[in-house]
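So for the sequence shown, this note's numbering puts the first residue at 1435; every next one is plus one.
Virtual Cβ for every residue (Gly too), placed ideally from N, Cα, C.
Structure first, commentary second.
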Amino acid sequence: MFSPRPVTCSMFTCRFTTTFDNVDLGDLMFSLCYLPTAGRLTITIIKARNLKAMDITGASDPYVKVSIMCEGRRLKKRKTSTKRNTLNPVYNEAIVFDVPPENIDQISLLIAVMDYDRVGHNEVIGICQVGNDAESLGREHWSEMLSYPRKPIAHWHPLTEWTTQVTATGNGSCNSLKGPPSP
């Protein structure tokens, strides 16, 4: 369904560009909800369907990793539980990030569906991105969340291939999202 194209970066943003092709990696359903008064962003990973088989058994052991991104840098990450031997996992797991209202327009979420491997490295099945700097459905879902605060907004998102991880530098406007420095 999708195949990778170059990742384009400026000093402040990174975009993952994809084109339609015959690669079908599956779809992920999740909801977004923002509570501006509490500065709380909740992403509820609901379920996935038709994931690409990554194991020799013809199935996968998928989990979802959510990273909060700002200016091309990963600030925080969380993950769901792993669902064994399935291509259609059901999660219904909420992941909460603290994001002050003054920073909500500067961040995006990078959502990666991963295949857990007991031996070797875990593999990326596919990704999607939501935020102001995302493309099409990812931007629309984000805008809908901001338009209807305190209301969970759920959508299916097609997964795209992961091409590379890119780091960009910025002016530090996301510093208030970081916790206090570690001792």
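> Is it right to say Glu1536 is buried, meaning 16 or more other beta carbons lie within 10 angstroms of its own, or is it exposed?
Replying inline: exposed
> According to the neighbour-count rule (16 or more other Cβ atoms, all chains shown, within 10 Å of its Cβ), is Phe1454 buried or exposed?
Replying inline: Because Phe1454 carries a pLDDT of 45, less than 50, the predicted location of this residue cannot be relied on, and the following value inherits that uncertainty. Phe1454 should be labelled exposed.
>> For a test of the three-state rule: what should DSSP assign to Asn1484, helix, strand or coil?
In response: coil
> So the beta strand (DSSP E) Trp1590 belongs to, where does it begin and stop?
Replying inline: Ile1587 to Pro1592
>> Rounded to whole angstroms, what is the Cα-Cα separation between Cys1562 and Arg1584?
In response: 23 Å
>> By alpha-carbon positions, which one of Ser1515, Leu1593 and Tyr1525 ends up nearest to Leu1571?
In response: Leu1593
>> Alpha carbons only, please: which of Lys1499, Ile1541 and Ser1494 is nearest the one belonging to Arg1518?
In response: Ser1494
>> If contact is defined by three or more beta carbon pairs under 8 Å, each pair taking one atom from either stretch, is the region 1486-1500 in contact with the region 1465-1476?
In response: no
> Among residues of its own chain, excluding the 5 on either side of Asp1539, which ones have a beta-carbon nearer than 8 Å to its beta-carbon?
Replying inline: Asn1566
> Relative to the C-alpha of His1555, which residue among Ser1577, Met1488 and Val1530 is closest?
Replying inline: Met1488
>> Just verifying my parser: in three-state terms, what is the DSSP assignment at Leu1521?
In response: coil
>> On a Cα-Cα basis, can you pick out the residue from Arg1507, His1591 and Val1500 that is closest to Ser1515?
In response: Val1500
> Can you name, in chain order, every residue of its own chain whose Cβ lies under 6 Å from the Cβ of Pro1615, other than the five neighbours on each side?
Replying inline: Summary for Pro1615: the model assigns pLDDT 43, below 50, so the residue's position carries little reliability; its value from the coordinates is reported in the next sentence. So the list is empty, once near-sequence residues are dropped.
>> Please list the terminal residues of the continuous beta strand (DSSP E) segment that includes Leu1459.
In response: It is not in any beta strand (DSSP E) - Leu1459 carries neither H nor E in the DSSP assignment.
>> Does Asp1495 come out as helix, strand or coil in the three-state DSSP assignment?
In response: coil
> Val1547 to Val1558, Cα distance in whole Å?
Replying inline: 6 Å
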